[in-house]
Structures are given as C-alpha cells and as structure tokens.
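Here's the structure we're looking at; comments come further down.
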Amino acid sequence: MGTPHLYLNSDSWKGLVVDDEFTEFLIGRGLSEKSTSTYTRYMAQAEKWMTAHDTTLIEALPSEVVAYVSQCVKFSHSSRGQVAAALGHYWEWKGRLNPPTKAIRVPPQPDMVCRAIEDTQARDLVKVALGWQPEGLAVLFGMYLALRAAEIASAEWDRFSGDLEWYTVTGKNAKTATLPVHPVLRDELKGGSGREEISLHAGFIFPGRFGGHVASATIWRWSKEVAAAAGIPEFTTHQLRHTALTRANDTMGDLRA
Numbered sequence: 001m002g003t004p005h006l007y008l009n010s011d012s013w014k015g016l017v018v019d020d021e022f023t024e025f026l027i028g029r030g031l032s033e034k035s036t037s038t039y040t041r042y043m044a045q046a047e048k049w050m051t052a053h054d055t056t057l058i059e060a061l062p063s064e065v066v067a068y069v070s071q072c073v074k075f076s077h078s079s080r081g082q083v084a085a086a087l088g089h090y091w092e093w094k095g096r097l098n099p100p101t102k103a104i105r106v107p108p109q110p111d112m113v114c115r116a117i118e119d120t121q122a123r124d125l126v127k128v129a130l131g132w133q134p135e136g137l138a139v140l141f142g143m144y145l146a147l148r149a150a151e152i153a154s155a156e157w158d159r160f161s162g163d164l165e166w167y168t169v170t171g172k173n174a175k176t177a178t179l180p181v182h183p184v185l186r187d188e189l190k191g192g193s194g195r196e197e198i199s200l201h202a203g204f205i206f207p208g209r210f211g212g213h214v215a216s217a218t219i220w221r222w223s224k225e226v227a228a229a230a231g232i233p234e235f236t237t238h239q240l241r242h243t244a245l246t247r248a249n250d251t252m253g254d255l256r257a
C-alpha cells in the first residue's frame, strides 16, 4: 500500500491550530478573508506534518517540503498554487533565507471547459427550485445572478437595491460588481409562487445555524439536491454560473449589425 493522502478538506481542517500572528501578517499584506483562511490552514497542516517528521518549516529540506506537498496537497493548479503562495508568505514572515518555494511543482492551469446545462434542463431546474426554501432560492441565485457558491452563501439582503432591481456582490479577488436582478428571482424574493412574502431585512439571506452564513459546501449540497429532483445527475453549483453566462452570451446576438 502507498502512503495515504491527507488532502486538506473540511474534515482534515478540524483540530488544526492556526497562528493568529500569521493571520494578521496576511491581512496586512492585503489578502482577502478567503485566501487568509486557506493559507493559514495550509500552514497549520504543514507545521503538523513537519512536527510529525521531526523538522519545522524553517528547517525543512526541499525534499521534505516536496514530501509534504505530495502527501497532503492535491496535484492541481489551484491547490498547488495556493500552498506555494502560502509557503512563500510564511517564509517571508519568518525571514527564512533562500526558501525552497520552487521545489513545489505547480501543474499548468487546465483548459477551460463550458459546463452549462441544456435549455430544457435549465427550465426543469428552475421549475423545481421555485418555492423550495432555502435550497431552491440558492439555486436561483446561481442561475440568475451567475454567482459562485461562496458568493451565494454570503448573500445579504442589504446588497439589494430597495426595489430589488439590482444586487451588489464582492466576489473573486475582492472585485465588486452591481448586477441586474432577473424578474424570476425578484418575484421569488417578493414571495412568488403564491407563497407568503419573504421579509426583507438586514442580514444574511442564508443564515448559518450558529451565526454568520452557511458554508459554500452547504450551497453545493443544496444545488445537488435540487438538481437531482429535476432529474439532473452529477450536478455542481458552478454549472449554474456557466449556464447563466452561456445563455447571456447566446441571447446577446451580433451587436455589429
């Protein structure tokens, strides 16, 4: 049997001790909350691995860094790039000379593939989502605003304009955009499908059980549940974004005419 992989996920994050001083260092570097959280947890995992192998991140040989990454970090452009960046920040913070950052092999970014669902599937998905709270509403946010899972999870009432015509989102790389709200989503927010009108108030639209908002993983799970009910197997939240952007592009037409 080979060495078991210890990829960083919601379960393996439990029990890791995050260094508050490193967190503050990253915040001071202008990193987003999401990047700061990911990087600090990667370093907590790395320190734990190094301790188990009788070394530290400050003293680890390039071969030991490679061994940690091989065992604990998925071989993908995103994951390897994140841990390389996290280690770079960590070693800068600690003042390590000649850090072995280049020892981490980061594969090239894969070609982008459109994962939009068919029009008939999109119609079925919307029909099932209408009136299904909160799971269906989360799906409608992805379908009609082209939001990512994290952006849906953290959606807030006060990001809507007073007439629900516009929604302001701060997304990837801390970029903010104001998006038009589709009539279907607007009607649902106002209490469409013959349901009692939703109360519009400050706070998260999808609140968590213990304060704050639900996790991105919850949005992924809800999306799968609604899609399964609509007869769409192996569905992911990101397909909502692909579908929304593809349909917008298809309906745009040739504006040169």
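So for the sequence shown, full-length UniProt numbering puts the first residue at 1; every next one is plus one. Just so you know, even glycine gets a beta-carbon here, dropped at the ideal spot from N, CA and C.
- Rounded to whole angstroms, the Cβ separation of L125 and A230 is 5 Å, and the two are in contact under 8 Å.
- Judged by beta-carbon spacing, I219 lies within the 9 Å limit of A138, meaning their Cβ atoms are closer than that value.
- Counting of Cβ neighbours within 10 angstroms places L97 among the exposed residues, the total staying below 16.
- Its Cα nearest to that of G28, the residue E92 stands out among L164, E92 and H182.
- Of H182, W132 and K172, the smallest CA-CA separation from E225 is found for W132.
- Annotated three-state conformation of F25 is helix, per DSSP.
- Per the C-alpha coordinates, the member of E59, I104 and L61 positioned closest to S78 is I104.
- With a threshold of 16 other beta carbon atoms within 10 Å, I205 meets it and is buried.
- Below 8 Å, too few C-beta pairs join the region 39-48 and the region 107-119 to call them touching: fewer than three.
- With respect to the 9 Å criterion, R148 and T237 are classified as neighbours on the basis of their beta carbons.
- Considering only A84, Y90, I117 and K94, the residue with the shortest C-alpha distance to T101 is A84.
- Non-local C-beta neighbours of H182 in its own chain, meaning closer than 7 Å and more than five positions away in sequence, comprise Y144, ordered along the chain.
- When the beta-carbon positions are compared, V65 and G81 stay at least 9 Å from each other.
- About 17 Å separates the Cβ atoms of L245 and V184, ruling out a contact at the 8 Å cut-off.
- When the Cα atoms are used, A228 and G136 turn out to be separated by approximately 12 Å.
- Annotation for T168: the continuous beta strand (DSSP E) segment containing it runs W166 to T170.
- Annotated three-state conformation of H182 is coil, per DSSP.
- Straight-line spacing of the CA atoms in W49 and T56 works out to 9 Å.
- Annotated three-state conformation of P99 is coil, per DSSP.
- Scanning L189, T40 and F235 for the CA closest to the CA of W157 turns up L189.
- Counting along the chain, the unbroken alpha helix (DSSP H) around I152 starts and ends at A149 to A153.
- In this structure, T243 sits near A122, with a CB-CB distance shorter than 9 Å.
- Contact between G142 and R241 is confirmed by a C-beta separation of about 6 Å, below the 8 Å threshold.
- Contact annotation: T168 and A174 have beta-carbon atoms that are not nearer than 9 Å.
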